[in-house]
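Asker: Just dropping this structure here.
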Amino acid sequence: MRVSTAFNRLLQIPGASVSDVSITDSLVEVTLRLTARRVKCPCGYSSTAAYDREPRRWRHLDFGRHKVWLVYSIRRIECPTCGVRTEDIPWARPRARHSRDFEDTVLWLVTRTDRTSVSTLMRCAWRTVTSIVTRAVDALIDSRRLDRLYRIGVDEICYRHPHKYLTIVGDHDTGKVIYISEGRGRDSFSEFFEQQSAQEREEVQVVSMDGSPAFRAAAEHHVPQARQCMDPFHVMQWVNRALDRVFSDAASIRRTLTMQAPEWRKARTALRLGKNRLTKTHKSLLRTVTAADTEVGTAWRLKEQFRDLYRKVAPSNAARYLRRWIEEAKSCGISAFVQLARMIDKKSEAICAAIELGVSNALIEGINSKIRLINARGYGHHSAASLKAMIYLNLGGIEVKLPTQR
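The structure is reproduced here in structure tokens:
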């Protein structure tokens, strides 16, 4: 069997055949020729006449200790529409210097380990791994991902201290990241809407978020028809913080509670827990605390009533129930809960919308947890663009397969 025939069977490159093989102590150079004689422009136009040729090499997967290079005199075509363009080749992506098999192996590896380990295993530069990821994401990300969006969620994540943020937009229906922008202000979220057409913005029906006024302002400006949904977790966080303030004031200002630090922590835990999760010890602590300070008892009762809004109240009755709770909290005389009631009153429509539609920001919070894992797995990233490419690769719906899986 001739060497060229053996390499044809080993490489199995579609649309090309091996014409020559050169083997040295550390390299294998495989010269290719295309089986199709016509030169094709990326736009689809083809011709038998080539404008010119230029020898080029592409790094392929290694054969043992030998690095493999694919060699081909790539042609250019003079297209009447596009001008002079380089032909597309089946074994590599446009402007790439590595074969598809090499790049796909790198992409599969970087979704599982850090780039330094990948560069060591693949015997390439660290920056080469970064450029492969960036180029592949640009080529493989779904260009139609901003079309037909009905329910979206938005949140920010700190990827580097101090105060380096990314704004993450996700699709509730697909569970994928659809857009990432730097920063966490109104302009960052507005950047996403500006990528859409007016018709696409009109199709957005629901926007879930935390209490960020910047995100709220951007949504009101660009998609006024969409219903804003306030994430229940963040709303309950506000309620628990108000309860913590009342409990702290009882110990430090009113001095109605005298406890050692361990008892104080246990009592705070009992106050934060839901009524259905209290143990006998928690219930005993709760009775002691609420009997010693009536304001703590009132605050705990208001907290439990607010929890019932999400657990027991029918969605159709949510607005009426919340209105009664706001009035009761405003008239309770406890400063922390009066302030809380005023804040919730301003956001009551978004809170009720989340209950009626059954929408929360849990999807985006889950995505943020995965982003933290991606950032930690790579031991941080040198730029926001580098991290954005990794997020799209892992969470943007890009399917990466090893050459052996195709």
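Here the sequence shown stands for residues 0 to 405, numbered as in numbering that gives the first Met the number 0. From the three backbone atoms N, C-alpha and C, an ideal C-beta is built for every residue, glycine too.
Considering only residues of the same chain and omitting the five flanking positions on each side of G273, which have a CB-CB separation below 7 Å?
Answerer: As a working note, residue 273 is residue 274 in the sequence shown. If we look at G273 and ignore the five residues flanking it on each side, its Cβ neighbours are R306.
Asker: Which same chain residues end up closer than 6 Å to S187 when comparing Cβ atoms and leaving out the 5 residues on each side of it in sequence?
Answerer: Counted from its first residue, the sequence shown places residue 187 at position 188. Taken in chain order, the residues that qualify are T166 and S180.
Asker: Could you tell me the alpha carbon to alpha carbon distance between A241 and S330, rounded to whole angstroms?
Answerer: Indexing the sequence shown from 1 puts residue 241 at position 242. Indexing the sequence shown from 1 puts residue 330 at position 331. Take the alpha-carbon of A241 and the one of S330: they are about 15 Å apart.
Asker: When DSSP labels each residue in this structure, what does L362 get in the three-state scheme?
Answerer: The sequence position of residue 362 within the sequence shown is 363, counting from 1. Helix, per DSSP.
Asker: Once DSSP output is grouped into helix, strand and coil, what is the label at L277?
Answerer: Translated into the one-based positions of the sequence shown, residue 277 becomes position 278. In the structure shown, L277 sits in coil (DSSP, three-state: anything other than H, G, I, E or B).
Asker: Who does I156 pair with in a DSSP beta bridge?
Answerer: As a working mapping, residue 156 is identified with position 157 in the sequence shown. Among the bridge pairs identified by DSSP, I156 is matched with L165.
Asker: Can you give me the C-alpha to C-alpha distance between S116 and R64, rounded to a whole angstrom?
Answerer: Translated into positions along the sequence shown, residue 116 becomes position 117. Translated into positions along the sequence shown, residue 64 becomes position 65. Cα to Cα, S116 sits roughly 17 Å from R64.
Asker: Could you check the C-alpha separation between Q338 and M235 for me, to the nearest Å?
Answerer: As a first step, residue 338 is located in the sequence shown; it is residue number 339 there, counting from the start. As a first step, residue 235 is located in the sequence shown; it is residue number 236 there, counting from the start. Distance between the alpha carbons of Q338 and M235 is about 15 Å.
Asker: Quick one: grab the DSSP three-state call for H381.
Answerer: Here the question's residue 381 lines up with position 382 in the sequence shown. Looking at H381 - three-state DSSP - the assignment turns out to be coil, as it is neither helix nor strand.
Asker: Per the contact definition of three or more C-beta pairs closer than 8 Å, is the region 218-237 in contact with the region 350-362?
Answerer: yes
Asker: Measuring CB to CB, does L33 end up less than 7 Å from A48?
Answerer: Counted from its first residue, the sequence shown places residue 33 at position 34. Counted from its first residue, the sequence shown places residue 48 at position 49. No. Outside cutoff.
Asker: Taking one C-beta from the region 272-287 and one from the region 321-336 each time, how about it: are there three or more such pairs within less than 8 Å?
Answerer: no
Asker: If you drop the 5 nearest sequence neighbours on each side, which residues of the same chain put their C-beta closer than 6 Å to that of L108?
Answerer: The residue labelled residue 108 in the question sits at position 109 within the sequence shown. Cβ neighbours of L108 beyond the five flanking positions: V117.
Asker: Excluding the 5 residues flanking F214 on each side, which residues of the same chain have their C-beta closer than 6 Å to its C-beta?
Answerer: In the sequence shown, the residue the question calls residue 214 occupies position 215. So the list reads V153, F188 and M208, once near-sequence residues are dropped.
Asker: Grab me the residues of V245's own chain with a C-beta within less than 7 Å of its C-beta, minus the 5 sequence neighbours each way, in chain order.
Answerer: On the sequence shown, position 246 is the one that residue 245 refers to. Excluding sequence neighbours, V245 sits near E294, V295, A298, I333 and A335.
Asker: Figure out for me which residue from V238, P314, G43 and V2 has the closest Cα to the Cα of R341.
Answerer: Indexing the sequence shown from 1 puts residue 341 at position 342. Comparing Cα-Cα distances from R341 to each of V238, P314, G43 and V2, the minimum goes to V238.
Asker: Throw me the rounded Cβ distance for the L26 and K66 pair, which I believe falls under 8 Å.
Answerer: Counting from one through the sequence shown, the residue named residue 26 turns up at place 27. Counting from one through the sequence shown, the residue named residue 66 turns up at place 67. Between K66 and L26 the Cβ distance is about 5 Å, and since that is below 8 Å, they are a contact.
Asker: What residue range does the alpha helix (DSSP H) around T127 cover?
Answerer: Within the sequence shown, residue 127 is the residue found at index 128, counting from 1. Unbroken alpha helix (DSSP H) run through T127: W125 to L139.
Asker: Under DSSP, the alpha helix (DSSP H) around R99 begins and ends at which residues?
Answerer: The residue given as residue 99 occupies position 100 in the sequence shown. Counting along the chain, the alpha helix (DSSP H) containing R99 begins and ends at R99 to V109.
Asker: Select from A138, I390, D51 and S98 the residue whose C-alpha is nearest the C-alpha of C78.
Answerer: For this step, residue 78 is matched to residue 79 along the sequence shown. Out of A138, I390, D51 and S98, the CA that lies nearest to the CA of C78 is found in D51.
Asker: With C-beta atoms as the reference, is I73 less than 7 Å away from E102?
Answerer: Translated into positions along the sequence shown, residue 73 becomes position 74. Translated into positions along the sequence shown, residue 102 becomes position 103. Not a contact, by the Cβ cut-off of 7 Å.
Asker: With a 10 Å radius around its C-beta and 16 neighbouring C-beta atoms as the bar for buried, classify A218 as buried or exposed.
Answerer: As a working mapping, residue 218 is identified with position 219 in the sequence shown. The residue is buried, with at least 16 neighbouring Cβ atoms inside 10 Å.
Asker: For R84 versus C123, is the C-beta spacing smaller than 7 Å?
Answerer: Within the sequence shown, residue 84 is the residue found at index 85, counting from 1. Within the sequence shown, residue 123 is the residue found at index 124, counting from 1. At least 7 Å separates the beta-carbon of R84 from that of C123.
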